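Engineer:
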Amino acid sequence: MSGYERDQRFIVGHYQPATLIDLALSRGIDSHRLLRGCEVFYEDLSRGTTRFSQQQFLTLIDNARRLLDADDSAFLFGQRLLPGHYGEASQTLLHARDLYQALEHLCEFHALLSPLLTPRLMLEEHYLHLYWQDACGAGNQAQFLGEACLSAVLAMSRRLVGEHLPWRIQCAWSQPRHIEQYWVYLGEEVRFDAQITLLSLPRQHIHRPLPNAAATPGLVARQACLEQLAALGGGSSFLDLLFDHLHAHIHEPINLDRVAAAFGISPTTFKRKLSKHGTHFQQQLDLVRRHVALYLYQMKGYTNEEVCNYLRFSDTTNFRRSFKRWTGLTPSGLARWFG
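Numbering (the numbering used here), first residue to last: 5 to 343.
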């Protein structure tokens with residue numbers, strides 16, 4: 005297993021990149037300045053064959069943020085993203101039988117629909133939760149992408165269902181100065197300084213039949229998307245696969261050499277791949293440990309000792325110290341998703 009990496013050109017240029025480009029052009033931004041450093045010319049996009057890598061897309065986002073210099077840019081970009089105009093991938097969303105299936109397709113085909121941040125679903129007794137993970141080493145663009153993804157899903161759900169839904173939102177960053185933009189585009193149910201960026205919706209809303217549901221076109225579109233992912237070599241990035249592998253083996257002894265062997269590469273090559281994505285092994289391991297600990301506390305109601313044992317810490321004191329380093333909180337100070 006390897007997954008696509010941040011320098012692999014697989015993002016269709018006239019899909020998500022063009023959405024941001026068109027937004028910038030509508031505000032009078034010069035296309036040459038916008039695409040500086042992207043190794044792409046605006047004229048190339050109309051041919052329909054241009055592909056961006058994640059790194060090129062991140063460069064485009066950095067340029068757009070700087071040139072637009074507007075607090076609403078991420079939200080406006082996000083509102084245009086989903087269902088989008090991405091061929092069969094967008095059709096799987098538009099023809100879904102209910103909102104839950106649409107979100108399942110968003111997660112299944114994230115390489116086509118959300119190539120920089122990977123959406124993931126969680127279900128508990130009363131709520132559906134949707135959260136995102138960095139698929140590319142987003143760095144300074146993480147908050148912009150988070151704002152865009154939140155705006156995208158809210159806009160999509162409103163379009164599919166035909167009404168506003170009572171989403172609750174938490175953001176893994178501090179309250180920004182442009183809080184009024186959150187109220188305008190996301191509503192007032194927003195909490196900041198959270199552990200993960202998360203959308204939550206009461207479960208009674210997720211299985212309501214959608215007015216534009218169409219089973220046969222949806223099945224045909226899904227099959228076409230599966231073929232596209234197969235041609236890509238799979239639907240997950242290197243960081244996605246690493247997260248999944250660590251998550252599956254988190255209660256076992258884990259070290260860099262063992263994980264590199266599981267990926268079929270040398271430790272040196274493995275370190276080099278991580279460095280290319282702006283990270284390192286301990287950071288990724290801590291990310292997964294943090295995620296699992298939060299899940300066990302929040303969803304399963306585990307005690308400190310149970311979480312400590314699950315993550316194979318030698319004692320609870322060492323675990324609490326690590327948890328504080330991961331989250332900035334002690335386990336006793338951890339709030340519910342919306343506590």
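C-beta: ideal position from N, C-alpha, C; glycine also. These numbers were taken from a predicted model, which means no experiment stands behind them.
Here's the rule: buried if 16 or more other CB atoms are within 10 angstroms of the residue's CB, otherwise exposed. What is S30?
Structural biologist: Taking the first residue of the sequence shown as 1, we reach residue 30 at position 26. The residue is exposed, with fewer than 16 neighbouring Cβ atoms inside 10 Å.
Engineer: Quick check: the Cα distance between G91 and P213, rounded to an integer number of angstroms?
Structural biologist: Along the sequence shown, one-based indexing puts residue 91 at 87. Along the sequence shown, one-based indexing puts residue 213 at 209. If you take the alpha carbons of G91 and P213, they lie about 23 Å apart.
Engineer: Specify the secondary structure class of L338 as computed by DSSP and reduced to three states.
Structural biologist: In the sequence shown, counting from the first residue as 1, residue 338 sits at position 334. Of the three classes helix, strand and coil, the one that applies to L338 here is coil, per DSSP.
Engineer: Which residue marks the beginning of the beta strand (DSSP E) containing M126, and which one marks its end?
Structural biologist: Reading the sequence shown from its first residue, position 122 is the one you call residue 126. It spans L121 to L127 - the beta strand (DSSP E) in which M126 sits, taken as one unbroken run.
Engineer: Do you know offhand how far R163's Cα is from S318's?
Structural biologist: Sequence index remark: in the sequence shown, residue 163 carries index 159 (1-based). Sequence index remark: in the sequence shown, residue 318 carries index 314 (1-based). Taking the straight line joining both Cα atoms gives about 50 Å.
Engineer: Just to confirm, is the Cβ distance from L125 to L202 under 9 Å?
Structural biologist: Looking up residue 125 in the sequence shown gives position 121. Looking up residue 202 in the sequence shown gives position 198. No; because the gap between Cβ atoms is not below 9 Å, this pair is not in contact.
Engineer: Classify W177 as helix, strand or coil using the three-state DSSP reduction.
Structural biologist: Here residue 177 refers to the residue found at position 173 when the sequence shown is read from its first residue. Coil.
Engineer: So what does DSSP say about F267, is it helix, strand or coil?
Structural biologist: Looking up residue 267 in the sequence shown gives position 263. It is coil, neither helix nor strand.
Engineer: Please report how far the alpha carbon of L71 lies from the alpha carbon of R40, in whole angstroms.
Structural biologist: Mapped onto the sequence shown, residue 71 falls at position 67. Mapped onto the sequence shown, residue 40 falls at position 36. For L71 and R40, the distance between alpha carbons rounds to 11 Å.
Engineer: Under 6 Å Cβ to Cβ from Q95, same chain only, skipping five residues before and after it: list those, please.
Structural biologist: Your numbering for residue 95 matches position 91 in the sequence shown. Within the same chain, A225 come within 6 Å of Q95 by CB-CB distance, once the 5 residues on both sides are set aside.
Engineer: Helix, strand or coil for D197, going by three-state DSSP, please let me know.
Structural biologist: Start at 1 with the first residue of the sequence shown, and residue 197 comes out as number 193. The answer is coil: DSSP assigns D197 none of H, G, I, E or B.
Engineer: Beta-carbon within less than 6 Å of A176's beta-carbon, same chain only, minus the 5 sequence neighbours each way: which residues are those?
Structural biologist: Your numbering for residue 176 matches position 172 in the sequence shown. Closer than 6 Å at the Cβ level, and outside the excluded window around A176, lie A198, I200 and T201.
Engineer: When you compare each of T273, E151, E256 and L24 to Q179 by their alpha carbons, which one comes out closest?
Structural biologist: Here residue 179 corresponds to residue number 175 of the sequence shown, with the count starting at 1. When each option's Cα is compared against that of Q179, the closest is E151.
Engineer: Can you name the start and end residues of the alpha helix (DSSP H) that Q147 belongs to?
Structural biologist: Looking up residue 147 in the sequence shown gives position 143. Unbroken alpha helix (DSSP H) run through Q147: A146 to V165.
Engineer: Using C-beta distances below 8 Å, list every residue in its chain close to L236, excluding the 5 sequence neighbours before and after it, in chain order.
Structural biologist: As a position in the sequence shown, residue 236 is number 232, starting the count at 1. Contacts found: Y8, F14 and A115.
Engineer: Which value, in whole angstroms, describes the spacing of the CA atoms of L27 and L121?
Structural biologist: The count along the sequence shown starts at 1 and reaches residue 27 at position 23. The count along the sequence shown starts at 1 and reaches residue 121 at position 117. So the two alpha carbons sit approximately 20 Å from each other.
Engineer: With W137 as the anchor, note down where its beta strand (DSSP E) starts and where it stops.
Structural biologist: The sequence position of residue 137 within the sequence shown is 133, counting from 1. One detail in the question is off: residue 137 reads as Gln in this sequence, not Trp. Taken as a continuous stretch (DSSP letters only), the beta strand (DSSP E) holding Q137 covers Y131 to D138.
Engineer: Which one or two residues does DSSP pair with L230 in a beta bridge?
Structural biologist: Taking the sequence shown and counting its residues from 1, one reaches residue 230 at position 226. According to DSSP, which records beta bridges pairwise, L230 is partnered with nothing at all.
Engineer: Determine the closest residue to H253 out of T321, A228, E167 and Y314, with distance taken between C-alpha atoms.
Structural biologist: For the purposes of this step, residue 253 is taken as the residue at position 249 of the sequence shown. Out of T321, A228, E167 and Y314, Y314 has the C-alpha closest to the C-alpha of H253.
Engineer: Which residues does DSSP list as the beta-bridge partners of S204?
Structural biologist: If you number the sequence shown from 1, residue 204 lands on position 200. Looking at the DSSP assignment, S204 forms a beta bridge with H133 and R172.
Engineer: Going by DSSP, what residue range makes up the alpha helix (DSSP H) through Y301?
Structural biologist: Mapped onto the sequence shown, residue 301 falls at position 297. From DSSP, Y301 is part of no alpha helix (DSSP H); its letter is neither H nor E.
Engineer: On the DSSP bridge list, what partners appear for Y186?
Structural biologist: The residue you call residue 186 lines up with position 182 of the sequence shown. DSSP, once it has assigned bridges, lists no residue as partnering Y186.
Engineer: Taking the alpha-carbon of D73 as reference, which of T53, K328 and I33 has the nearest alpha-carbon?
Structural biologist: The residue you call residue 73 lines up with position 69 of the sequence shown. Checked all of T53, K328 and I33; the closest Cα to D73 is I33.
Engineer: Here's the rule: buried if 16 or more other CB atoms are within 10 angstroms of the residue's CB, otherwise exposed. What is Q227?
Structural biologist: Taking the first residue of the sequence shown as position 1, residue 227 is located at position 223. Exposed is the call here.
Engineer: Kindly give me the distance between the Cβ atoms of L205 and Y131, rounded to whole angstroms, as I take these residues to be in contact under 8 Å.
Structural biologist: The residue given as residue 205 occupies position 201 in the sequence shown. The residue given as residue 131 occupies position 127 in the sequence shown. Between Y131 and L205 the Cβ distance is about 7 Å, and since that is below 8 Å, they are a contact.
Engineer: Hey, L107 and V165: beta-carbon distance below 9 Å or not?
Structural biologist: Position 103 of the sequence shown, counted from the first residue, corresponds to residue 107. Position 161 of the sequence shown, counted from the first residue, corresponds to residue 165. In this structure, V165 does not lie closer than 9 Å to L107 by Cβ.
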